[in-house]
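Have a look at the structure below, then the notes.
There are 2 protein chains.
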Amino acid sequence: MRVEAALAASALLLIPGPAHARKKATPAPVAAPAQLIGEALTSEVSWLRLEHLCDRIGHRLSGSPALDQAIAWAQDAMNQDALANVRAEPVTVPVWVRGHERLTQLSPREQELDVLALGGSVGTPEGGVEADVLVVSSFDELDALPDAEIAGRIVLFDVPFTTYGATVQYRGHGASAAARRGAVAALVRSVTPVSLDTPHTGNMEYDEDAPRIPAAAVTVEAASRMHRLQEAGAPARVRLELGSHDAGTAPSANVVGEVMGRELPDEIVVVGCHLDSWDVGQGAQDDGGGCVSALEVGRLIARLPQAPRRTVRIVLFTNEENGLAGGRAYAQAHAGERHVAAIESDTGTGAAAGFSLDVRRTGPEAGRYSDQDEAAYEVLVEQLQAVRPLLAPLQADGFRQSYAGSDIAPLIATGTPGFGVDHDTTGYWPIHHTEADTLDKIDPIVFRRNAAAMAVLTWWLAERAP
Amino acid sequence: MRVEAALAASALLLIPGPAHARKKATPAPVAAPAQLIGEALTSEVSWLRLEHLCDRIGHRLSGSPALDQAIAWAQDAMNQDALANVRAEPVTVPVWVRGHERLTQLSPREQELDVLALGGSVGTPEGGVEADVLVVSSFDELDALPDAEIAGRIVLFDVPFTTYGATVQYRGHGASAAARRGAVAALVRSVTPVSLDTPHTGNMEYDEDAPRIPAAAVTVEAASRMHRLQEAGAPARVRLELGSHDAGTAPSANVVGEVMGRELPDEIVVVGCHLDSWDVGQGAQDDGGGCVSALEVGRLIARLPQAPRRTVRIVLFTNEENGLAGGRAYAQAHAGERHVAAIESDTGTGAAAGFSLDVRRTGPEAGRYSDQDEAAYEVLVEQLQAVRPLLAPLQADGFRQSYAGSDIAPLIATGTPGFGVDHDTTGYWPIHHTEADTLDKIDPIVFRRNAAAMAVLTWWLAERAP
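Top line first, the protein sequences correspond to chains A and B.
The letter at position 110 of the first sequence is residue 138 when you use the working numbering, and the numbering goes up by one with no holes.
The letter at position 280 of the second sequence is residue 308 when you use the working numbering, and the numbering goes up by one with no holes.
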C-alpha cells in the first residue's frame, strides 16, 4: 500500500459512526504476555540497573567487597519491585586472590607478555619460575613426549578454539596433566576464537595425584608466537611470577525474592543467574545481564494484575565462577520443595533464539542423556508447543536440547526441567572472562527483548494448567 | 564428469602418437607476469622473512636498537636477492621514549585503566596529574563550553570511529585544543571500530600557541564508561602518570636496493613501505607486511630472465610513524632524478582489491585535487586499462582515486603518480598501533597474493613503452 493510500485508509477509521457505535466499550484487559512484552521493551528500569551494576559496582569475585555491595543492591531492587520474602540466603564461598602477576619472555627477544592467572592457581615462589617453554597442541601430543622433554619446563597448551566445551578442558585440567609429567608451571592459550592481545581467565582444578603448579592464561598472539619460535628451533624462555593464593572462605549469599503463586504456591519456577563474576572487566555479560534480566522477570510478573498460578522465585546465585557453592547450597536447602522448572540466563546477552532444554532423571553430568531422559524431553517439547506463539513475536520461540546453566544444574540433576536462555554467543566468547566484558558491548534493545522472552516463558510455566 | 570418466579421458592423452607428433617442441618462455605470480604464490621466502621480522626483531620505533637490526637485516635480504646498489641512506630521526605509564580511576570506583601515551606526548610531573574528567564528543562540543568548565580538568575526547581520517584528528590535535582552554591533560578514545579493551597509540602534535599537556589514549570501554558516568552525574576523577619524553635525535636510514633498467635506467619506479613501527605489538601489518612485500617485488623482478626497461628501486623508509623524516629525506636527496611512479603498501595486509591512485600537480594535501589533477588522473586510468588483465587473475585489478602512502607523498607532491596497495582494512583498524598487530592476524595466502599484485604492477610500470 502506498503511503497516501495508507493515510486515507486510517483516516476512514476516524470518521464518527452512529451514536450507538460511538459508545465506548470497556476495553478487554491486556493479556499477561502482551503486558510483559510491552513493559519489558519500553521500560528504562532494567538498563539503568545494568548500568549501575557495571559502572558503580563493577566486577565482583566471591569474597570481594563488590560482591557484598551487589548482594545488598539486589535485595534493594527486589524490595523496590515489591517481591515477597526478599532475603539473602547465607552461603560460604571460597576466596581466591589474584595478586601481582607478570610474564616476561627472556629469549629469543626480551618482552613483557599479557597474562592472567587462572582462578584457583597457586602462586609462584618469590622471584618467579624461570624455564624454557614447551608448546603442545593437545593432551595427546603431551602424552607422546618422553618425560625428559617435559621435566623442568613450562608447558604451554596452544589449542585453537573449537567449541567452548572442548577447548576449556585445557584451561581446567592442563596444569595437572603437565605437572604429572614434571612440568614446573603451565600456560594455556586463552579460550577464545578472537583476540586483540586479550588474556582470558577462568577456573582451573588440581587433580589429587599431581603436584600443584602455577597456571596462567596467555593471549592467542603470545601462544602462537611461542609455538612458531619452537618450530623455528628457538623455543622461548620465560619467567612467570604469580602472587595468586587461596585465602580461605568468606560469608556470601544467594539473593532470593518471590511472586507467590495464587493457586499452587508450593510449586516453584526458579529464575536464576549468578551475581558473582571474575575479577576483570565489569562482569557485564557474565553474568550481570543475566541477573538484571532475572530481576526484570520478577519485577514484570509482580506488576501483573493477577499473580500466576505457581510461585515465581528469582534467585541470584553466588560463586558460580569458582566453586558453584551458591547453586549447591540452594539445591540442598530447598531439597524438600517442588521445583517445577528452573530457568537460567548465563551465556551472555546476544539475541536469544529461544531456550535450551535440559531434562534428565539421572546424574549430574552435562550432555549425557539416558533413553528415559530422551522420552521426558520429547514430552516437554510437545507441551511447549503452546508457548511458542507467545514467544514468536520476540523471535525467541526455538527450543533445543542442550546445557541450561551451572547454577541450576544441581536442581536439574534431581529431575527439575532446566531452561537456558539460548543466546547468540558470537560476541560472547571473545569477551568472556576478560577486561572487555563491559557494558558497551551490550545492545540495549536486544537485552530488553531477551528479558521479555524470559518473562513470557516464566509466566507460562507458572500459569499453565496443572 | 565422473572420476572414472576423467581418468579414462586423461589416459587417452598418454597414448603415443606417430613419431613426428612426439617430437618435443621448444616451449615458449614463461611470460614475466606469469613468472612473477607463480613464484610469489609458491615461494616460502616472503613468509619466512615476515616471521623473522615479527618474531625475532619485533616492534621497531625510530631510534631503537630493533630498528637498527631491521635496517641491517633488510640490506642482507637485498644482497641475498642480488639487487644492485644496496645501501642504507642516512636519515636523522627524532627519538621519543614512552617510559612508565599508568592511569588510575580514583572515583566513583577505584580501578586501573589500560592506557598508552600518544607518540610525541610530554610526560606528567612526578606523581602524575590528578583531575576530574570532562568528556566531550567533538571539538564543537568543547568549543561551546565555558572556560570555567574546562580549566583544571582532563579532557577526554570520546569520539566513535567513523573513518580513520576523520577520527584521527582528535588523536592528532585534541591535546592542543583542550590545552588552549585550560585543560591539564588530554585523553582520547582509541581510534578503532572494535575493541577488546585495547588501547591504540599513534602520533600527536602540539600547536605552537597552546601549552604542551600530556596526552594518552584510553580504550573504547573506558571512554564509554567515563562518558556514562558523566551523564549519570558522577564524573570520573583520575590520575594520569606518563614518563614519556623527547630524547633528541638518532641516526637511522632508508634501505635502498635496485634492479637497473635495461633501456631507461634513469627512469625510476619506486616501491616503498616503512620499516619503523610503533613500540607495541610486532609492527606486523604496520608496516612489516608492506616491507616484506616490497622486498619480494625486488626479489621476484631480479629473478626475471630480462630486467624491465626502467629501474625498479625498492625503498624501505624510516620514521614514517613519528616524523616522516625518511620520506622527506629521500625526496630531497633524489630530487634531481626522474621518478615515473611510486608504489607503497601501508594499509595492512587484507586482500587487495587493486590500487589507489594519487595523481596531482600541486600541494601535498591528501585528498585535495585540482581540475588539472583530475585530468591527469583520467589519462592515467586510461593507460592503466592495459595492466588490468594482468592483475585480474589476482582479483586485484581495481583502481580508485585516493591517498597512496605517507612515505611517497613528498614524491607525489612533485608530480610522480602514486599507487597505494588498496587493502581491505576491515581487520586492520582494530589492530592498528596496538599490541595486537602481530603475525597471527596475517593470512599467508592473501599476503602472497598482494605481493604478487605489487610485483605485476611494478613490472608493468617499469616495462611499458616510453
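Idealized CB from N, CA, C, for every residue including glycine.
Predicted model only: the values in this text are computed from it and were never measured.
Near Leu35 of chain A, which residues of its chain fall below 7 Å by C-beta distance, leaving aside the five closest residues on each side in sequence?
Position 7 of the first sequence, counted from the first residue, corresponds to residue 35 of chain A. Residue placement at Leu35 of chain A cannot be trusted, given a pLDDT of 42 that sits under 50; the coordinates are not used to answer.
On a Cα-Cα basis, can you pick out the residue from B:Gln63, B:Ala68, B:Ser434 and B:Pro61 that is closest to Ile473 of chain B?
Here residue 473 of chain B refers to the residue found at position 445 of the second sequence. When each option's Cα is compared against that of Ile473 of chain B, the closest is B:Ala68.
Range covered by the beta strand (DSSP E) that runs through Thr132 of chain A:
Mapped onto the first sequence, residue 132 of chain A falls at position 104. Per DSSP, Thr132 of chain A belongs to the beta strand (DSSP E) from Glu129 to Ser135.
Using a beta-carbon distance below 8 Å, is Asp225 of chain A in contact with chain B?
Taking the first residue of the first sequence as position 1, residue 225 of chain A is located at position 197. Yes, its Cβ sits closer than 8 Å to a Cβ of chain B.
Taking Cβ-Cβ distances shorter than 7 Å, what residues in chain B pair up with Val248 of chain A?
Translated into positions along the first sequence, residue 248 of chain A becomes position 220. The answer, in chain order, is Asp468.
Can the beta-carbon of Asn231 of chain A be found less than 8 Å from the beta-carbon of Gly148 of chain A?
The residue labelled residue 231 of chain A in the question sits at position 203 within the first sequence. The residue labelled residue 148 of chain A in the question sits at position 120 within the first sequence. For Asn231 of chain A and Gly148 of chain A, yes; Cβs fall inside 8 Å.
I need the straight-line Cα distance from Glu324 of chain A to Leu111 of chain A, nearest angstrom please.
The residue you call residue 324 of chain A lines up with position 296 of the first sequence. The residue you call residue 111 of chain A lines up with position 83 of the first sequence. Distance between the alpha carbons of Glu324 of chain A and Leu111 of chain A is about 11 Å.
When the cut-off is 8 Å and only beta carbons count, does Asp83 of chain A lie next to chain B?
Walking along the first sequence from the start, residue 83 of chain A turns up at place 55. Yes, its Cβ sits closer than 8 Å to a Cβ of chain B.
Within 10 angstroms of its Cβ, does Thr377 of chain B collect 16 or more other Cβ (buried), or is it exposed?
Counted from its first residue, the second sequence places residue 377 of chain B at position 349. Flag for Thr377 of chain B reads buried.
Determine, using beta carbons only, whether Gln133 of chain B comes closer than 8 Å to chain A.
The residue labelled residue 133 of chain B in the question sits at position 105 within the second sequence. No, no contact with chain A.
Through-space distance from Arg88 of chain A to Val299 of chain A, alpha-carbon basis:
By one-based count along the first sequence, residue 299 of chain A stands at place 271. By one-based count along the first sequence, residue 88 of chain A stands at place 60. Answer to the nearest angstrom: the Cα atoms are 21 Å apart.
Would you be able to state if there are at least three C-beta pairs under 8 Å between the region 183 to 190 of chain A and the region 278 to 292 of chain A?
no
Gln133 of chain A classed as buried or exposed, judged by whether at least 16 other C-beta atoms fall within 10 angstroms:
The residue given as residue 133 of chain A occupies position 105 in the first sequence. Looking at its Cβ environment, which holds 16 or more other Cβ atoms inside 10 Å, Gln133 of chain A is buried.
Is Glu463 of chain A close to chain B, meaning its C-beta is less than 8 Å from at least one C-beta of that chain?
Within the first sequence, the letter at position 435 stands for residue 463 of chain A. By this cut-off, Glu463 of chain A is an interface position.
Where Met106 of chain A and His460 of chain A are concerned, what is the direct C-alpha to C-alpha distance, given to the nearest angstrom?
In the first sequence, residue 106 of chain A corresponds to position 78, counting from 1. In the first sequence, residue 460 of chain A corresponds to position 432, counting from 1. In a straight line, the C-alpha of Met106 of chain A is about 27 Å away from that of His460 of chain A.
Within the 8 Å Cβ cut-off, does Glu269 of chain B reach chain A?
In the second sequence, counting from the first residue as 1, residue 269 of chain B sits at position 241. No, its Cβ sits nowhere closer than 8 Å to a Cβ of chain A.
With a cut-off of 8 Å, do at least 3 Cβ pairs link the region 250 to 259 of chain A to the region 74 to 84 of chain A?
no
Taking CB distances under 8 Å as the criterion, tell me whether Pro136 of chain A reaches chain B.
The sequence position of residue 136 of chain A within the first sequence is 108, counting from 1. Yes, Pro136 of chain A lies at the interface with chain B (some Cβ there is under 8 Å from its Cβ).
Leaving out the 5 sequence neighbours to the left and right, which residues in its chain are closer than 8 Å to Asp96 of chain B when beta-carbon positions are compared?
Against the second sequence, residue 96 of chain B aligns to sequence position 68. Around Asp96 of chain B: Ser280.
Could you name the residues of the region 54 to 88 of chain A whose beta carbon sits closer than 7 Å to any beta carbon of chain B, in the order they occur along the chain?
Glu79, Asp83, Arg84 and Gly86
Determine, for Arg256 of chain A, whether the minimum Cβ-Cβ distance to residues of chain B falls below 8 Å.
Position 228 of the first sequence, counted from the first residue, corresponds to residue 256 of chain A. Judged by the 8 Å Cβ criterion, Arg256 of chain A is in contact with chain B.
C-beta atoms of Ala357 of chain A and Leu64 of chain A nearer than 8 Å:
Taking the first sequence and counting its residues from 1, one reaches residue 357 of chain A at position 329. Taking the first sequence and counting its residues from 1, one reaches residue 64 of chain A at position 36. No. Outside cutoff.
Could you tell me the distance, in whole angstroms, from the CA atom of Asn347 of chain B to the CA atom of Ala176 of chain B?
The count along the second sequence starts at 1 and reaches residue 347 of chain B at position 319. The count along the second sequence starts at 1 and reaches residue 176 of chain B at position 148. Pairing Asn347 of chain B with Ala176 of chain B, the inter-Cα distance amounts to about 40 Å.
Go ahead and pull the three-state DSSP assignment for Gln423 of chain A.
To locate residue 423 of chain A, count along the first sequence from 1; it is residue 395. Correct three-state label for Gln423 of chain A: coil.
Taking Ala459 of chain A as the query, report the chain B residues whose CB atoms sit under 7 Å from its CB, ordered along the chain.
Your numbering for residue 459 of chain A matches position 431 in the first sequence. Per the sequence shown, the amino acid found at residue 459 of chain A is Ile instead of Ala. Going along chain B in sequence order, the residues near Ile459 of chain A (Cβ under 7 Å) are Leu224.
Do three or more CB pairs link the region 361 to 381 of chain A to the region 315 to 332 of chain A at distances below 8 Å?
yes
Of all the options A:Leu489, A:Pro445, A:Gly382 and A:Val415, which has the alpha carbon lying nearest to the alpha carbon of Thr453 of chain A?
On the first sequence, residue 453 of chain A is found 425 positions in, with the first residue counted as 1. When only C-alpha atoms are compared, the closest one is A:Gly382.
Where does Trp306 of chain A fall in DSSP's three states?
Taking the first sequence and counting its residues from 1, the one referred to as residue 306 of chain A is at position 278. Reduced to three states, the DSSP call for Trp306 of chain A is coil.
Buried versus exposed call for Pro445 of chain B [16 or more other C-beta atoms within 10 Å across all chains shown]
To locate residue 445 of chain B, count along the second sequence from 1; it is residue 417. Label assigned to Pro445 of chain B: buried.
From the DSSP secondary-structure annotation, give me the bridge partner or partners of Ile182 of chain B.
Taking the first residue of the second sequence as position 1, residue 182 of chain B is located at position 154. DSSP output for Ile182 of chain B lists B:Val161 and B:Ala213 as bridge partner(s).
Min CB distance Ala481 of chain B to chain A below 8 Å
Reading the second sequence from its first residue, position 453 is the one you call residue 481 of chain B. Cβ-Cβ to chain A under 8 Å: no for Ala481 of chain B.
Evaluate contact between the region 435 to 442 of chain A and the region 474 to 494 of chain A, counting only Cβ atoms and requiring at least three cross-stretch pairs below 8 Å.
no
Does chain A have any CB closer than 8 Å to the CB of Arg253 of chain B?
For the purposes of this step, residue 253 of chain B is identified with residue 225 of the second sequence, where counting begins at 1. It does: the Cβ of Arg253 of chain B has a partner Cβ on chain A nearer than 8 Å.
Can you round the beta-carbon distance between Glu349 of chain B and Ser321 of chain B to whole angstroms, since I take them to be within the 8 Å contact cut?
As a working note, residue 349 of chain B is residue 321 in the second sequence. As a working note, residue 321 of chain B is residue 293 in the second sequence. At roughly 18 Å, the Cβ-Cβ gap does not stay under 8 Å, so Glu349 of chain B and Ser321 of chain B are not in contact.
Nearest residue (CA-CA) to Gly355 of chain A, options A:Thr442, A:Asp450 and A:Val150
The residue labelled residue 355 of chain A in the question sits at position 327 within the first sequence. Closest in alpha carbon position to Gly355 of chain A, among A:Thr442, A:Asp450 and A:Val150, is A:Thr442.
Can you pull the chain B neighbours of Gln139 of chain A, defined as C-beta to C-beta under 7 Å?
Here residue 139 of chain A corresponds to residue number 111 of the first sequence, with the count starting at 1. Near Gln139 of chain A (Cβ distances below 7 Å), the residues of chain B are Gly86.
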